[in-house]
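Residue numbers (this note's numbering), protein chains in the order written: chain A, 0 to 286; chain B, 123 to 672.
The beta-carbon is built from N, C-alpha and C at its ideal position, and this holds for glycine as well.
Structure follows, in structure tokens:
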């Protein structure tokens with residue numbers, strides 16, 4: 000008992016949670032959504048694709064807590080089932096572009112020279128495209144699908160990570176322990192994997208958590224434009240888009256909208272919290 | 123500050139009152155609201171029918187690009203053009219079945235249907251005071267043909283135009299054209315004041331497409347013999363029309379008509395509620411429902427000629443969907459009652475590609491009787507696809523008269539799932555979907571169609587080998603019988619016989635065609651309750667000549 004208490008007191012993670020209310024809120028929100036993602040099938044009261052036109056556009060009531068949409072589908076069930084698609088897409092996008100950006104930026108910063116210049120200019124080229132227009136171009140060229148939308152998001156997103164990673168690598172590679180390792184005859188590969196990567200990865204991880212919320216928002220806005228997975232998939236952005244056309248039935252757009260809001264808010268709180276936690280210097284300057 | 127404002131208001135008021143007083147005293151007498159043609163002539167064109175100017179204000183979300191009668195072919199342009207220009211024949215009010223004479227007094231058609239002779243009413247005048255002659259008609263129509271603009275195709279069947287004296291106009295046709303008289307209601311066939319137009323750069327020569335420079339002038343002015351003339355046009359804001367002082371027909375009720383551009387539907391509704399506007403044309407289904415009991419406002423429901431349909435590709439490279447039995451199965455599998463519940467009140471299911479309300483169209487089908495899942499499954503099994511198959515459905519992301527197309531697509535998807543057809547929806551930007559439709563590469567498409575002119579002749583495009591038919595890769599050889607019937611309908615001028623042919627085509631196409639008609643859309647609009655004669659017209663949108671107030 001005593002041990003546990005001291006553990007709670009000394010463990011820095013719990014300290015961070017205690018001192019940072021926003022981080023706590025973020026963790027709670029994301030924990031709830033994680034639960035929903037795992038148990039969506041059991042939580043949803045109805046089949047999210049089941050149409051019943053006799054019940055179309057019912058306002059929230061006891062049978063349908065969030066009301067029904069224009070095809071009589073239960074919105075609560077659709078919001079719950081949609082968490083898998085929407086949160087999953089945000090997560091995939093962030094992880095894929097973080098890994099790609101880390102490798103490209105890391106190698107580019109490590110090798111340096113013309114190679115570095117060329118890679119970074121290509122990255123800038125990609126990130127200068129307006130995401131939504133690029134997504135529309137890709138969607139019209141290859142047809143709208145979940146895969147294409149994710150691809151677009153990753154194409155636009157990886158340069159952010161590459162840039163951060165490159166800066167870190169350039170900083171780390173001039174450290175003495177890297178020098179020492181080279182003197183000991185370690186190969187470039189080994190130095191990169193064993194010395195440089197572990198020491199420069201932390202800032203990318205912070206960026207990932209902060210970006211996760213933005214990725215969900217971007218995915219929602221792309222699916223709002225009809226560029227996500229094809230109907231009838233219960234995708235939050237598409238559901239908001241459907242409801243935006245019928246303002247008289249406020250519940251159609253409101254509930255998926257609230258879901259987007261809560262997830263991206265929760266993810267941003269966690270991102271900020273982790274940044275503060277990992278970077279006490281920054282925290283001091285902010286406070 | 124407040125005082126000064128009051129003073130200014132008072133000054134303004136007195137000026138307006140003075141002006142109004144002048145208007146009255148200039149006329150032959152106030153209060154003569156007989157509103158007949160004679161009183162118009164006697165008064166020498168003064169607007170003196172009532173104490174004050176009778177003004178109609180409409181709010182629309184327009185698509186007009188020009189008010190040049192030789193070039194305009196947009197839906198909303200007719201609101202203005204039909205008010206300012208007299209055609210030989212016209213439709214009245216919301217009716218599109220019975221043609222009535224307008225500038226023409228009478229007409230004769232030759233036995234072989236290749237010559238039309240029109241007698242023009244003498245004594246009609248343009249808004250400039252010039253007299254309307256057959257020569258003006260000939261010149262105007264030739265100008266429309268040579269401009270090669272959007273409406274020029276309407277005159278494709280004309281071989282030559284001839285005049286005989288001042289009031290006789292003769293059309294010689296290339297071939298019999300059963301829709302010709304309906305086409306004559308378009309403003310391309312209206313009389314334009316040749317003298318005025320030519321002063322402003324108009325030309326009717328063979329090279330009119332490049333030589334004619336009058337478009338800009340026509341955008342801000344009119345030179346017709348209709349009851350109104352354009353007094354001002356501010357693009358993106360409003361068009362104001364005032365009486366044509368020289369108009370000789372029955373004078374319309376209103377002295378002045380303002381058509382305001384209000385793109386937002388809820389602002390249109392609000393301004394009607396506030397009393398600033400008399401008619402709001404673009405009203406959402408749900409807005410209309412919420413206004414059903416509002417005081418001082420009447421909600422109108424009307425059937426349009428626009429319909430939505432499923433296109434099924436007939437080319438074998440698209441797999442099972444090309445099978446004729448599958449087409450029939452899909453027709454029986456859909457829940458039409460459910461589909462209609464997605465759209466405005468008054469929406470119906472047309473029989474064949476012929477909208478209810480056109481001459482020769484059959485009455486709409488009873489949606490409750492159209493579905494037969496057992497028969498659909500049977501047909502699918504006969505075709506050899508008892509286990510179903512998978513097909514892509516291309517949908518433009520548009521909203522047609524308050525109906526979201528993707529939602530309709532999802533409904534179709536769930537209906538077809540019940541007979542084992544797995545539909546994958548591909549929602550596309552409308553321009554992208556249009557491209558797929560034009561090239562005939564959609565395995566299955568959800569499309570909308572608005573007739574070019576209110577006559578079933580324009581719907582023959584759906585027959586095998588014709589424009590729309592070919593988009594589904596439905597060649598003439600696939601159904602020579604229907605193609606033959608189509609040709610007969612095009613050239614049969616005898617109305618009764620022609621309508622019989624249309625009925626036959628409709629019934630045949632309901633059995634064997636790659637088009638599944640889903641709905642003929644209804645629309646809704648609101649007016650102030652004192653407005654009368656505001657009937658929806660599938661030709662003019664609204665016939666402003668017939669609108670009055672109580």
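Given a cut-off of 7 Å on the beta-carbon distance, is the pair residue i and residue j in contact?
i	j	result
residue 467(B)	residue 490(B)	no
residue 77(A)	residue 47(A)	yes
residue 387(B)	residue 572(B)	no
residue 212(A)	residue 166(A)	no
residue 59(A)	residue 235(A)	no
residue 277(B)	residue 267(B)	yes
residue 161(A)	residue 111(A)	no
residue 54(A)	residue 91(A)	no
residue 200(B)	residue 662(B)	yes
residue 300(B)	residue 609(B)	no
By DSSP, does residue i sit in helix, in strand, or in coil?
i	result
residue 128(A)	coil
residue 567(B)	strand
residue 674(B)	With chain B represented from 123 up to 672, any question about residue 674(B) goes unanswered, as that position is not in the structure.
residue 177(B)	strand
residue 665(B)	coil
residue 421(B)	strand
residue 276(A)	helix
residue 456(B)	coil
residue 96(A)	helix
residue 660(B)	coil
residue 637(B)	strand
residue 293(B)	strand
residue 643(B)	strand
residue 274(B)	helix
residue 619(B)	helix
residue 440(B)	helix
residue 355(B)	strand
residue 230(A)	coil
residue 248(B)	coil
residue 367(B)	coil
residue 701(B)	Nothing about residue 701(B) can be reported from this structure: the residues present for chain B run from 123 to 672 only.
Give me the Cα-Cα distance between residue i and residue j, rounded to the nearest whole angstrom.
i	j	result
residue 224(A)	residue 240(A)	7 Å
residue 550(B)	residue 143(A)	8 Å
residue 204(B)	residue 569(B)	29 Å
residue 633(B)	residue 517(B)	24 Å
residue 349(B)	residue 223(B)	15 Å
residue 197(A)	residue 183(A)	19 Å
residue 649(B)	residue 643(B)	20 Å
residue 401(B)	residue 657(B)	11 Å
residue 423(B)	residue 647(B)	7 Å
residue 461(B)	residue 233(A)	20 Å
residue 652(B)	residue 338(B)	37 Å
residue 616(B)	residue 487(B)	26 Å
residue 469(B)	residue 524(B)	11 Å
residue 273(A)	residue 205(A)	6 Å
residue 474(B)	residue 450(B)	13 Å
residue 148(B)	residue 667(B)	Any reading at residue 148(B) needs caution, since the residue's pLDDT is 37, under 50, leaving its predicted position unreliable; the model's value is listed next. In a straight line, the C-alpha of residue 148(B) is about 26 Å away from that of residue 667(B).
residue 531(B)	residue 437(B)	22 Å
residue 519(B)	residue 346(B)	40 Å
Step through the CB atoms of chain C and report whether any lies within less than 7 Å of the CB of residue i.
i	result
residue 225(A)	Included in the structure are the protein chains A and B, with no chain C among them.
Completely contained alpha helix (DSSP H) runs for the stretch 482-524 of chain B, where each covers 4 or more residues: Within the stretch 482-524 of chain B, the complete alpha helix (DSSP H) segments of 4 residues or longer fall at 495-504, listed in chain order.
Those runs of the beta strand (DSSP E) which lie wholly inside the stretch 373-428 of chain B and span at least 3 residues: Counting only runs of 3 or more, we get 378-383.
Residues in the stretch 55-71 of chain A having any Cβ partner in chain B nearer than 8 Å: Those residues of the stretch 55-71 of chain A that come within reach of chain B (Cβ to Cβ, closer than 8 Å) are 55, 69, 70.
Contact list for the stretch 552-574 of chain B against chain A, Cβ threshold 7 Å: For chain A, the residues of the stretch 552-574 of chain B that bring a beta carbon within less than 7 Å of one of its beta carbons are 554, in chain order.
Residues from the stretch 522-546 of chain B in contact with chain A, defined by Cβ distance under 7 Å: Going along the stretch 522-546 of chain B in chain order, one finds 526, 528, 529, 531, 532, 533, 535, 536, 546 with a Cβ nearer than 7 Å to chain A.
Near-chain A residues of the stretch 576-601 of chain B (beta-carbon distance less than 7 Å), N- to C-terminal order: Taking 7 Å as the Cβ-Cβ cut-off against chain A, none of the residues of the stretch 576-601 of chain B qualify.
Within 9 Å of chain A by C-beta, residues of the stretch 406-419 of chain B in sequence order: Answer in chain order: 406, 407, 408, 409, 411, 412.
Ordered list of alpha helix (DSSP H) runs contained in the stretch 527-573 of chain B, each at least 4 residues: Counting only runs of at least 4 residues, the stretch 527-573 of chain B fully encloses the following alpha helix (DSSP H) elements, listed from N- to C-terminal order: 527-539, 552-560.
Segments of 4+ residues assigned as alpha helix (DSSP H) that fall wholly inside the stretch 20-103 of chain A: If we require 4 residues or more, the alpha helix (DSSP H) runs fully inside the stretch 20-103 of chain A come out as 20-42.
The stretch 121-154 of chain A: positions lying closer than 7 Å to chain B by Cβ: Per Cβ criterion, the list reads 139, 142, 143.
Contacting positions in the stretch 243-265 of chain A - beta carbon closer than 9 Å to chain B: Those would be 244, 245, 246, 247, 248, in chain order.
Continuous alpha helix (DSSP H) assignments of at least 4 residues falling wholly in the stretch 185-224 of chain B: Counting whole runs of 4 or more residues, the stretch 185-224 of chain B contains the alpha helix (DSSP H) stretches 199-206.
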